[in-house]
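One structure is given below, encoded as structure tokens.
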Amino acid sequence: MTQDGSTRDLLGLSVAIADDLIAVGSPLDYHNGRRTGTVCLFDIATGEQVVKLQPDEGTDGDYFGEQLAVSGGTIAVGAYGDDTLGDRTGAAYVFDLASGAQHLRLLPSDGSPEDEFGRSIALGEGIVAAGAYLRDKVGQDSGCVYLFNSTTGEEVRQLVPSNGVAGDWFGLSVAIGSSVVAVGAPYADRSGPRSGTVYLFDITTGTELVELTPADGAPGEVFGWSVAIDGNYVVVGAPADDDFGYNSGATYVFELSSGSLVRKFTADDASEDARFGTSVALDRDCMVIGAHYEYGDNEAGVAYLFDVTTGEQRLKLLQSDGSVGDLFGHAVAVKDNLAVVTAPYDDDNGRDSGSAYLFDWSCRADLNGDGLLDTRDFLLFLSKWAADDSVADWNDDGVINTQDFIAYLNSWTAGCP
27 MTQDGSTRDL LGLSVAIADD LIAVGSPLDY HNGRRTGTVC LFDIATGEQV
77 VKLQPDEGTD GDYFGEQLAV SGGTIAVGAY GDDTLGDRTG AAYVFDLASG
127 AQHLRLLPSD GSPEDEFGRS IALGEGIVAA GAYLRDKVGQ DSGCVYLFNS
177 TTGEEVRQLV PSNGVAGDWF GLSVAIGSSV VAVGAPYADR SGPRSGTVYL
227 FDITTGTELV ELTPADGAPG EVFGWSVAID GNYVVVGAPA DDDFGYNSGA
277 TYVFELSSGS LVRKFTADDA SEDARFGTSV ALDRDCMVIG AHYEYGDNEA
327 GVAYLFDVTT GEQRLKLLQS DGSVGDLFGH AVAVKDNLAV VTAPYDDDNG
377 RDSGSAYLFD WSCRADLNGD GLLDTRDFLL FLSKWAADDS VADWNDDGVI
427 NTQDFIAYLN SWTAGCP
């Protein structure tokens, strides 16, 4: 999916799925002759652009669309470059998805220059959460998250960690789910400089519930760079984890109710500098993780689909037309059997114009997730089958044998719907 875009629009720096629409942020897109930024809404069925959201008060350099979130029929959009209260103080907006009408413009009650309010955004349970990771709340660049009523626009409260200090970048990432707000502070020094941490807060009272820090945390891992919540799981990206080489990356899944670690995830083909965990998305037991510096087959970045319950890597998602430097995997979204992965530096409409790709894994036989059912999928199945990989248990009987080979052959021959 692309838009009526042009050079340096950076379509795809953010993405979300809402029912029959996909929202994609383009923070450098022109509006009224200025690079205020826009959000493009695409029809899932056709891939056609339906409407473009633009702020009523937008000005050049607002970076409107750098971050966005959807819930029900509402979309919240961050514009961290807004200068209303001073240089890069930031703002956030709330729109109706059906009509595209702007309902609210949100500004922090105590905003100051260079806070970058709106650098992260989350929406749910009647609340808009907007992060200002450079707010000097308890020291320079310690960070703060603001909660607003998504209907009235009233600022409800501010979230600040009990042990926050200067330079934590608290609020660089934020997510809402199950009456909890999760906030990443990737530069916190829990296990050494910039090892990172994540805090969980009660959305109603603002009470700090628990702090999540991995037992194997290490300096520079930036745990908390990305975060997502669904059901009883919270997912945290640590894209500079070094388990498989410098900045290979990792992602952790915790129980939301207890704060206990469920599992640490890495890619089956993990490699140095892939930045696995740059972006994360979760829907029930399906988790999508972006690794936008993974230079694999097309040297463009990749994304992975995992089963949270079993820990199994189900698919590796690739661009069909990727090229070096696209940063495919920079932003991801997942809902039901659909995933959207963006490539904001794709050049389809000019250099760094950006694009987004929709994947549907209801065609199970498309093992490499590239949207094509071809010989590469068959060869991939053969390698999994020969290695007794659980992916090759095609008839789901717990045993990998000739019956699975026959079952996959039938699926592959039948093709995709």
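Residue numbers (this note's numbering): 27 to 443. Glycine is no exception: its CB is placed at the ideal position from the N, C-alpha and C atoms.
- Counting only residues of its own chain and dropping the five nearest sequence neighbours on each side, residue 351 has a CB closer than 6 Å to the CB of 371.
- Non-local beta-carbon contacts of residue 229 in its own chain, meaning distances under 7 Å to residues more than five positions away in sequence, involve 151, 153, 202, 205, 206, 207 in chain order.
- Between the alpha carbons of residue 86 and residue 62 lies a gap of roughly 5 Å.
- When DSSP states are grouped into helix, strand and coil, residue 401 belongs to the helix group.
- In this structure, the alpha-carbon of residue 170 lies about 14 Å from that of residue 223.
- Less than 8 Å separates the beta-carbon of residue 168 from that of residue 194.
- Cβ contact annotation for residue 129 (same chain, cutoff 7 Å, sequence separation greater than five): 120, 121, 122, in chain order.
- Between residue 368 and residue 38 a beta carbon distance of about 3 Å is seen, short of the 8 Å cut, so the two are scored as contacting.
- For residue 368, the beta-bridge partners assigned by DSSP are 382.
- If you draw a straight line from the Cα of residue 396 to the Cα of residue 91, it is about 27 Å long.
- The Cβ-Cβ distance between residue 251 and residue 264 falls below 8 Å.
- Under the rule that a run must span 3 or more residues, the beta strand (DSSP E) segments found entirely inside the segment 259-328 read 259-264, 276-281, 287-291, 305-309, 312-317.
- In the structure shown, residue 186 adopts coil according to DSSP, grouped into three states.
- Pairing residue 283 with residue 60, the inter-Cα distance amounts to about 45 Å.
- For the 8 Å CB-CB criterion, residue 293 and residue 330 form a contact.
- With distances taken between CA atoms, residue 67 lies nearest to 100 out of 100, 340, 114, 308.
- DSSP places residue 437 in the uninterrupted alpha helix (DSSP H) bounded by 428-440.
- At least 8 Å separates the beta-carbon of residue 102 from that of residue 108.
- In this structure, DSSP gives residue 156 an extended state, which the three-state scheme calls strand.
- Approximately 37 Å separates the beta-carbon atoms of residue 335 and residue 374; this is outside 8 Å, ruling out the contact.
- Between the beta-carbon of residue 146 and that of residue 199 there is about 5 Å, and that keeps the pair under the 8 Å contact cut.
- Here the segment 288-305 makes contact with the segment 263-277; the two share three or more CB pairs at distances below 8 Å.
- Taking the Cα of residue 46 as reference, the smallest distance to any Cα among 381, 411, 233, 96 is reached at 96.
- Residue state for residue 65 is assigned as strand, using DSSP reduced to three classes.
- Between residue 303 and residue 327, the CB-CB gap reaches or exceeds 8 Å.
- When DSSP states are grouped into helix, strand and coil, residue 211 belongs to the strand group.
- By the 16-neighbour rule on beta-carbons within 10 angstroms, residue 80 is buried.
- By the neighbour-count criterion, in which 16 or more other beta carbons inside 10 Å mark a residue as buried, residue 139 falls on the exposed side.
- For residue 211, the closest alpha carbon among the candidates 383, 231, 181, 246 is that of 246.
- Within 10 angstroms of the beta-carbon of residue 64 lie 16 or more other beta-carbons, which makes it buried.
- Assignment of residue 407 by DSSP, reduced to helix, strand and coil, places it in the helix class.
- Check the Cα spacing between residue 73 and each of 438, 313, 260, 386: the tightest is with 386.
- Rounded to whole angstroms, the separation of the alpha carbons of residue 393 and residue 161 is 45 Å.
- Residue 41 is classed as buried because its beta carbon has at least 16 other beta carbons within 10 Å across all chains shown.
- Exclusion of the five residues before and after residue 441 leaves 399 as the residues of its chain whose Cβ lies within less than 7 Å of its Cβ.
- Nearest Cα to residue 301 within the set 71, 248, 437: 248.
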